[in-house]
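In UniProt numbering, the protein residues as written are 1 to 163.
Cβ coordinates follow ideal geometry from the N, Cα and C atoms, glycine included.
Remember, it's a predicted structure, so these values are computed and weren't measured experimentally.
Let me begin by presenting the structure, written as structure tokens, before commenting on it.
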């Protein structure tokens, strides 16, 4: 009898992994990532690829400056596709549509052929003052528009939930 396993990890900056052994019992992976604007997240793919039976993946951006700061723009990088036939649910919390969000989400959509649901949670920091709130609402609307661009990339039958 195989045991189902969940791993939760926190990352501050270094998102590169050495060669990893196969994590055959890993079914659920939860990552909390501090990812400054422009920081490439594709280093996380090696952890996902080492988990051939992964069924649920959650990525939570925390205190990342995703909503504020420089909003440094760069081209979206492409990663090699590694087929994952078991990944059913992907949840991204703190999605804003920057290059680092988009390249990792695109990788997941292209590699998870049996994906059933992608949940994209838009979030923003607590900001006080009417002008700041208005500005944050504009950024949230931009993030919502970026997340809607993911829908055509979903595998057949998968649904996109934006909240």
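Within its own chain, the residues whose Cβ lies closer than 6 Å to the Cβ of residue 161, once the five positions on either side in sequence are excluded, are 119, listed in chain order. Contact between residue 109 and residue 150 holds: CB atoms are separated by about 7 Å, below the 8 Å threshold. For residue 84, the beta-bridge partners assigned by DSSP are 112.
Residue 100 and residue 41 do touch by the CB rule: their CB atoms are close to 5 Å apart, below 8 Å. Around the beta carbon of residue 156, fewer than 16 other beta carbons lie within 10 angstroms, which makes this residue exposed.
Its Cα nearest to that of residue 23, the residue 52 stands out among 39, 45, 43 and 52. Sequence-distant partners of residue 54 (beyond 5 residues in either direction) whose C-beta falls short of 7 Å from its own C-beta, in its chain, are 26, 27, 29, 48, 84, 86 and 87. In the structure shown, residue 46 falls within a helical segment according to DSSP collapsed to helix, strand and coil. Here the C-alpha atom of residue 19 lies approximately 12 Å from the C-alpha atom of residue 44. Annotated three-state conformation of residue 24 is coil, per DSSP.
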